[in-house]
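Enquirer: What follows is a structure written as structure tokens; I'll ask about it next.
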Amino acid sequence: HPRQLIKLAGLTLRENSSGQHKGQKKISKRGRRKLRAILFRVILPLIQHNAAFKALYHYYTTRTVNPLKKKEAMVVLCGKLLKILHALCTKRVHFNENLMMADLHCLQEAA
Numbered sequence: 001h002p003r004q005l006i007k008l009a010g011l012t013l014r015e016n017s018s019g020q021h022k023g024q025k026k027i028s029k030r031g032r033r034k035l036r037a038i039l040f041r042v043i044l045p046l047i048q049h050n051a052a053f054k055a056l057y058h059y060y061t062t063r064t065v066n067p068l069k070k071k072e073a074m075v076v077l078c079g080k081l082l083k084i085l086h087a088l089c090t091k092r093v094h095f096n097e098n099l100m101m102a103d104l105h106c107l108q109e110a111a
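My numbering applies: residue 1 is where the sequence shown begins, and numbers increase by one.
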């Protein structure tokens, strides 16, 4: 399952809380460190050179409700990349940008 891959990479969110205190959510970093490093090295050129990933990155960093910081947006895109790679391997289909962007309605309206 793709969520297992995200967990394996240590990209799941965990909250640092105790008692009444609610801490910030951060990535767990409990997975494979090298896998996480490779994902970050792959996502940087994808954001720079792939139009779909560039649009997603721009959306996550500039949305009006809960805009993400640059590094947070990269973490989200690393998880999305793992989900895409899982789908490509299990379903044996080609990459389709339109399917990747289908869950974000505001990007569909802008295009």
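The beta-carbon is built from N, C-alpha and C at its ideal position, and this holds for glycine as well.
Tell me which residues share the same chain as L68 and place their Cβ nearer than 8 Å to its Cβ, disregarding the 5 neighbours each side in the sequence.
Expert: Excluding sequence neighbours, L68 sits near Y60, T61, V76.
Enquirer: Let me make sure I understand the geometry here. Which of K91, K80, L5, D103 has the alpha-carbon closest to that of R32?
Expert: The residue with the shortest Cα to Cα distance from R32 is L5.
Enquirer: Please confirm whether M101 and A52 have their CB atoms less than 8 Å apart.
Expert: Contact: yes.
Enquirer: Output needed for V93: all residues of its chain with C-beta closer than 8 Å, excluding positions within five of it in sequence on either side, in chain order.
Expert: Contacts found: A87.
Enquirer: Please state whether the Cβ-Cβ distance between R36 and A9 is less than 8 Å.
Expert: For R36 and A9, yes; Cβs fall inside 8 Å.
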